[in-house]
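**Student:**
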Ligand SMILES: *[C@@H]1O[C@H](CO)[C@@H](O)[C@H](O)[C@H]1NC(C)=O
Ligand SMILES: *[C@@H]1O[C@H](CO)[C@@H](O)[C@H](O)[C@H]1NC(C)=O
Ligand SMILES: *[C@@H]1O[C@H](CO)[C@@H](O)[C@H](O)[C@H]1NC(C)=O
Ligand SMILES: *[C@@H]1O[C@H](CO)[C@@H](O)[C@H](O)[C@H]1NC(C)=O
Ligand SMILES: *[C@@H]1O[C@H](CO)[C@@H](O)[C@H](O)[C@H]1NC(C)=O
Ligand SMILES: *[C@@H]1O[C@H](CO)[C@@H](O)[C@H](O)[C@H]1NC(C)=O
Ligand SMILES: *[C@@H]1O[C@H](CO)[C@@H](O)[C@H](O)[C@H]1NC(C)=O
Ligand SMILES: *[C@@H]1O[C@H](CO)[C@@H](O)[C@H](O)[C@H]1NC(C)=O
Ligand SMILES: *[C@@H]1O[C@H](CO)[C@@H](O)[C@H](O)[C@H]1NC(C)=O
Ligand SMILES: *[C@@H]1O[C@H](CO)[C@@H](O)[C@H](O)[C@H]1NC(C)=O
Ligand SMILES: *[C@@H]1O[C@H](CO)[C@@H](O)[C@H](O)[C@H]1NC(C)=O
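Numbering (mature numbering (1 follows the signal peptide of the UniProt record, and there is no 0)), first residue to last: -20 to -1, 1 to 412.
1. Skipping 5 residues on each side, what residues in its chain have a beta carbon closer than 6 Å to that of residue 337?
2. Do residue 159 and residue 186 have their C-beta atoms within less than 8 Å of each other?
3. CB of residue 280 to nearest heavy atom of ligand 6: below 7 Å?
4. Quick one: is residue 9 buried, meaning 16 or more other Cβ sit within 10 Å of its Cβ, or exposed?
5. Based on DSSP bridge pairs, tell me the residues matched to residue 138.
6. Per DSSP, which one or two residues make a beta bridge with residue 185?
7. Look at the alpha carbon of residue 65 and the alpha carbon of residue 193, and state the distance between them as a whole number of angstroms.
8. Need the endpoints of the beta strand (DSSP E) that residue 39 sits in, please.
9. If you count every other CB in all the chains shown that lies within 10 Å of the CB of residue 45, and 16 or more means buried, which is it?
10. At 3 residues or longer, what runs of the beta strand (DSSP E) sit wholly inside the region 215 to 278?
11. Tell me, please, which residues DSSP counts as bridged to residue 69.
12. Okay, do the region 350 to 358 and the region 278 to 285 touch, 3+ Cβ pairs below 8 Å being the bar?
13. Span of the alpha helix (DSSP H) holding residue 344?
14. Can you tell which of 145, 137, 151 has the C-alpha that lies nearest to the C-alpha of residue 161?
15. Please report how far the alpha carbon of residue 258 lies from the alpha carbon of residue 374, in whole angstroms.
16. Nearest-angstrom Cα distance between residue 23 and residue 102?
17. Measuring straight from C-alpha to C-alpha, what distance separates residue 317 and residue 238?
18. Report yes if the C-beta distance between residue 173 and residue 245 is below 8 Å; otherwise report no.
19. Among residues of its own chain, excluding the 5 on either side of residue 170, which ones have a beta-carbon nearer than 6 Å to its beta-carbon?
20. Does the beta carbon of residue 345 fall short of 7 Å from some heavy atom of ligand 9?
21. To the nearest angstrom, how far is it from the Cα of residue 61 to the Cα of residue 232?
22. Count the other CB atoms within 10 Å of the CB of residue 85; is the residue buried (16 or more) or exposed (fewer)?
23. Are the beta-carbon atoms belonging to residue 206 and residue 120 less than 8 Å from one another?
24. Can you name, in chain order, every residue of its own chain whose Cβ lies under 8 Å from the Cβ of residue 306, other than the five neighbours on each side?
25. Please go through the same chain and pick out, in chain order, the residues whose beta-carbon is closer than 8 Å to the beta-carbon of residue 49, but skip the five residues on each side of it.
26. State buried or exposed for residue 291, treating a residue as buried only when at least 16 other CB atoms are found within 10 Å of its CB.
27. Starting from residue 425, trace the beta strand (DSSP E) both ways and give me its first and last residue.
28. Would you call the CB atoms of residue 133 and residue 178 closer than 8 Å?
29. Hey, could you find the ends of the beta strand (DSSP E) residue 58 is sitting in?
30. So is the beta-carbon of residue 172 under 7 Å away from any non-hydrogen atom of ligand 5?
31. For residue 313, which beta-bridge partners are listed by DSSP?
32. Cβ atoms of residue 377 and residue 328: under 8 Å apart, would you say?
33. For my contact list, residue 108 and residue 117 are in at a C-beta cut-off of 8 Å; report their separation, rounded to the angstrom.
34. As a quick exercise: from 15, 211, 90, 198, pick the residue whose alpha carbon is nearest that of residue 148.
35. Which residues count as close to ligand 11 when the rule is a CB under 5 Å from any of its heavy atoms, in chain order?
36. Exposed or buried, what is residue 344 when buried is set at 16 or more other beta-carbons lying within 10 Å of its beta-carbon?
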């Protein structure tokens, strides 16, 4: 059951409780998280976060327990506390049915408990939200206007990934849901939440603007030999003015990835481990589409034990079917004004990788069909650290279709060394 408490009645209830001894209702007594004052820092996305008025009522949801589905009562609480309230989630909830929260307007979510998605694979295959983009699916989606979700460092979102990774090991077409899709949210924040074991990407931020993500901890670890798959930390798509900052990520795929039409993005103060890098792309995957990634500042991050630190990946101008979930090529568009600055590389295979032949194993085809995407105005400033022994003595690779498709690249004060103590570049044919 959820319960609506206005500020006035809450004060009255607390006053009554204080007068009475002993207290029976521990629920009321538990400290409700208050919204943290988190700002984009040191950079914003080019404009400040929109202001968000404080909320004046709250709705708390008592978890049913025993693995019973809390989605319907959580939905009720959002209807009740929409337009100026706080939904208080301080229990351990199970979500077993798809939850559409794209109608929100001026609501906070205080998550000091946990949300776990029941790994009922047959149910989700039939009922998860579906998106055309990269055959994505979702357990739930959040959208609307002015939404702040905060976990005070204790709130947990648990994707229950293991059964999904196990299923994927024997069925590489298995559509595994994304742990959280922010779809069509204008103005909002997500802070202080621990996300664990996502079946697929942890977060997709799509069709959104003015989003701040901060102080998150993302961890994906398999308990057996079936690997964690596609555990991207954050993917941005059709989104403008997004800041992702001050977070710790331990995963096996992109730490952050800028998908088609990601503009005015800042990524700062992340510590990523075990990933595929902070990546632009992949782009140019869909033949009839025009993809843009522009004005991205990746500042003051650390990347360790990853395939790449800084990465830009676009498909060539020809279609390929590399894997059941990885096919495409031929799309057009551009990548422009991307800055990687103050970036520490620790034991990554490549410190820098730029590739216009992504997803295509036949290099001859890439030469015959250059990418239809241009990559320009790219800056690598103040990068230091080490690479792994994988490509030793090379630390970076640049595979461009042609000078017309790749231009205005700058590297300044880049001092990454390979185990042999060298710092060489691979341009596909040798070193430059
Ligand atoms: C939620 O689960 C955690 C871990 O099992 C436990 O410590 C905590 O007391 C539970 N919270 C509630 C409200 O039941
Ligand atoms: C693999 O998963 C897909 C759903 O993503 C399903 O349609 C297909 O039947 C599964 N294949 C097998 C062999 O189980
Ligand atoms: C984004 O908006 C488009 C256009 O309205 C819609 O088709 C799509 O489902 C939305 N969400 C995602 C994740 O693509
Ligand atoms: C990206 O933006 C371009 C230019 O506005 C547009 O043509 C294209 O359809 C957009 N792509 C997506 C996936 O929304
Ligand atoms: C870099 O980010 C870390 C958090 O990872 C923060 O503590 C530090 O102050 C930041 N430094 C600069 C120069 O912004
Ligand atoms: C970092 O990633 C590496 C490689 O995936 C992994 O072996 C290691 O356990 C991770 N480190 C931590 C602290 O989780
Ligand atoms: C490049 O992007 C940065 C933000 O990353 C922005 O401040 C700057 O104005 C952009 N430059 C141009 C020429 O648009
Ligand atoms: C990198 O991976 C090694 C083991 O594979 C681990 O000991 C180390 O802590 C990792 N580095 C970071 C920063 O997590
Ligand atoms: C690569 O593509 C070229 C051009 O179509 C073709 O001649 C060649 O056989 C292909 N190589 C492989 C290994 O498929
Ligand atoms: C895409 O590239 C191919 C060859 O690489 C070219 O034939 C085609 O005209 C290009 N399409 C667009 C829309 O630029
Ligand atoms: C070069 O980068 C290092 C970090 O590796 C930084 O300490 C130093 O100030 C930078 N030098 C210049 C001239 O910017």
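Beta carbons: idealized from backbone N, C-alpha and C, even for Gly.
**Tutor:** The answer reads as follows:
1. Within the chain shown, numbered from 1, the residue matching residue 337 stands at position 357. Same-chain partners within the cutoff: 296, 346, 379.
2. Translated into the one-based positions of the chain shown, residue 159 becomes position 179. Translated into the one-based positions of the chain shown, residue 186 becomes position 206. No, the pair does not count as a contact, with Cβ atoms beyond the cut-off.
3. As a working note, residue 280 is residue 300 in the chain shown. No, ligand 6 has no heavy atom inside 7 Å of this Cβ.
4. Looking up residue 9 in the chain shown gives position 29. Because the pLDDT of residue 9 is 42, which lies under 50, any placement of that residue in the model is unreliable, and the number read from its coordinates should be weighed accordingly. It counts as exposed.
5. On the chain shown, position 158 is the one that residue 138 refers to. DSSP lists 96, 176 as partners of residue 138.
6. Walking along the chain shown from the start, residue 185 turns up at place 205. Looking at the DSSP assignment, residue 185 forms a beta bridge with 162, 216.
7. The residue you call residue 65 lines up with position 85 of the chain shown. The residue you call residue 193 lines up with position 213 of the chain shown. Going by the C-alpha atoms only, they are around 21 Å apart.
8. Counting from 1 along the chain shown, the entry for residue 39 is found at position 59. That run of the beta strand (DSSP E) goes 37 to 41.
9. Taking the chain shown and counting its residues from 1, one reaches residue 45 at position 65. Exposed, since its Cβ has fewer than 16 Cβ neighbours within 10 Å.
10. The region 215 to 278 is shown to contain whole beta strand (DSSP E) runs of 3 or more residues at 219 to 230, 236 to 238, 242 to 253, 258 to 263, in chain order.
11. The residue given as residue 69 occupies position 89 in the chain shown. For residue 69, which the question treats as bridged, DSSP gives the partners 91.
12. Flag = no, the region 350 to 358 and the region 278 to 285 do not touch.
13. Translated into the one-based positions of the chain shown, residue 344 becomes position 364. Its alpha helix (DSSP H) spans residues 343 to 348.
14. Position 181 of the chain shown, counted from the start, is the residue given in the question as residue 161. Nearest C-alpha to residue 161: 137.
15. Your numbering for residue 258 matches position 278 in the chain shown. Your numbering for residue 374 matches position 394 in the chain shown. Approximately 19 Å between the Cα atoms of the pair.
16. Sequence index remark: in the chain shown, residue 23 carries index 43 (1-based). Sequence index remark: in the chain shown, residue 102 carries index 122 (1-based). Residue 23 and residue 102 have their C-alpha atoms some 44 Å from each other.
17. Indexing the chain shown from 1 puts residue 317 at position 337. Indexing the chain shown from 1 puts residue 238 at position 258. For residue 317 and residue 238, the gap between their C-alpha atoms comes out near 13 Å.
18. For the purposes of this step, residue 173 is taken as residue 193 along the chain shown, with counting starting at 1. For the purposes of this step, residue 245 is taken as residue 265 along the chain shown, with counting starting at 1. Going by C-beta atoms, residue 173 is not nearer than 8 Å to residue 245.
19. Taking the first residue of the chain shown as position 1, residue 170 is located at position 190. So the qualifying residues of the chain are 129, 193.
20. Counted from its first residue, the chain shown places residue 345 at position 365. Correct: residue 345 has its Cβ closer than 7 Å to ligand 9.
21. As a first step, residue 61 must be located in the chain shown, where it is residue number 81. As a first step, residue 232 must be located in the chain shown, where it is residue number 252. A direct Cα-to-Cα measurement between residue 61 and residue 232 gives close to 37 Å.
22. Indexing the chain shown from 1 puts residue 85 at position 105. By the Cβ neighbour-count rule, residue 85 is exposed, with fewer than 16 other Cβ atoms within 10 Å of its own.
23. Translated into positions along the chain shown, residue 206 becomes position 226. Translated into positions along the chain shown, residue 120 becomes position 140. No, these two residues do not count as a Cβ contact at 8 Å.
24. Locating residue 306 in the chain shown gives position 326, where the first residue counts as 1. 339.
25. Position 69 of the chain shown, counted from the start, is the residue given in the question as residue 49. Here the set comprises 74, 75, 76, 77, 98.
26. Taking the chain shown and counting its residues from 1, one reaches residue 291 at position 311. Looking at its Cβ environment, which holds 16 or more other Cβ atoms inside 10 Å, residue 291 is buried.
27. Absent from the structure is residue 425, since the part of the chain shown begins at -20 and ends at 412.
28. On the chain shown, residue 133 is found 153 positions in, with the first residue counted as 1. On the chain shown, residue 178 is found 198 positions in, with the first residue counted as 1. Against a cut-off of 8 Å, the Cβ pair of residue 178 and residue 133 comes out as no contact.
29. Taking the chain shown and counting its residues from 1, one reaches residue 58 at position 78. According to the DSSP assignment, residue 58 belongs to no beta strand (DSSP E) but to the alpha helix (DSSP H) extending over 51 to 61.
30. On the chain shown, position 192 is the one that residue 172 refers to. Residue 172: no, Cβ never under 7 Å from ligand 5.
31. As a first step, residue 313 is located in the chain shown; it is residue number 333 there, counting from the start. DSSP, once it has assigned bridges, lists 271, 353 as partnering residue 313.
32. Within the chain shown, numbered from 1, the residue matching residue 328 stands at position 348. Within the chain shown, numbered from 1, the residue matching residue 377 stands at position 397. With respect to the 8 Å criterion, residue 328 and residue 377 are not classified as neighbours on the basis of their beta carbons.
33. For the purposes of this step, residue 108 is taken as the residue at position 128 of the chain shown. For the purposes of this step, residue 117 is taken as the residue at position 137 of the chain shown. The beta-carbon distance between residue 108 and residue 117, rounded to whole angstroms, is 4 Å. This is short enough to meet the 8 Å contact definition.
34. Counted from its first residue, the chain shown places residue 148 at position 168. From the listed residues 15, 211, 90, 198, the smallest Cα separation to residue 148 is found for 211.
35. Listed by position along the chain, the residues with Cβ atoms less than 5 Å from a non-hydrogen atom of ligand 11 are 362, 364, 393.
36. On the chain shown, residue 344 is found 364 positions in, with the first residue counted as 1. Looking at its Cβ environment, which holds fewer than 16 other Cβ atoms inside 10 Å, residue 344 is exposed.
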